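Numbering (the working numbering), first residue to last: 28 to 70.
As structure tokens, then:
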């Protein structure tokens, strides 16, 4: 499930971070982003 969806459902940053195994700062960073990050294919 997407971080944005979890946050919209009312989950706290702390709960999202603990369930996904990432830091709260990472959750905050993803919430500030409007789109999901895209990565270039490595050759």
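We put the beta carbon where it would ideally sit given N, CA and C, even for glycine.
From a predicted model like this one, the values you see are computed outputs, not experimental measurements.
Tell me which same chain residues have a C-beta within less than 6 Å of the C-beta of residue i, skipping the five on either side of it?
i: residue 38; result: none
i: residue 33; result: 43
Which first and last residues belong to the alpha helix (DSSP H) in which residue i is found?
i: residue 59; result: 51–59
With a threshold of 7 Å on Cβ separation, who are the neighbours of residue i within its own chain once the five nearest residues in sequence on each side are excluded?
i: residue 54; result: 30, 40, 43, 44
Where does residue i fall in DSSP's three states?
i: residue 35; result: helix
i: residue 69; result: coil
Can you list, in chain order, the residues of its chain whose CB lies under 8 Å from that of residue i, leaving out five sequence neighbours each side?
i: residue 47; result: 30, 54
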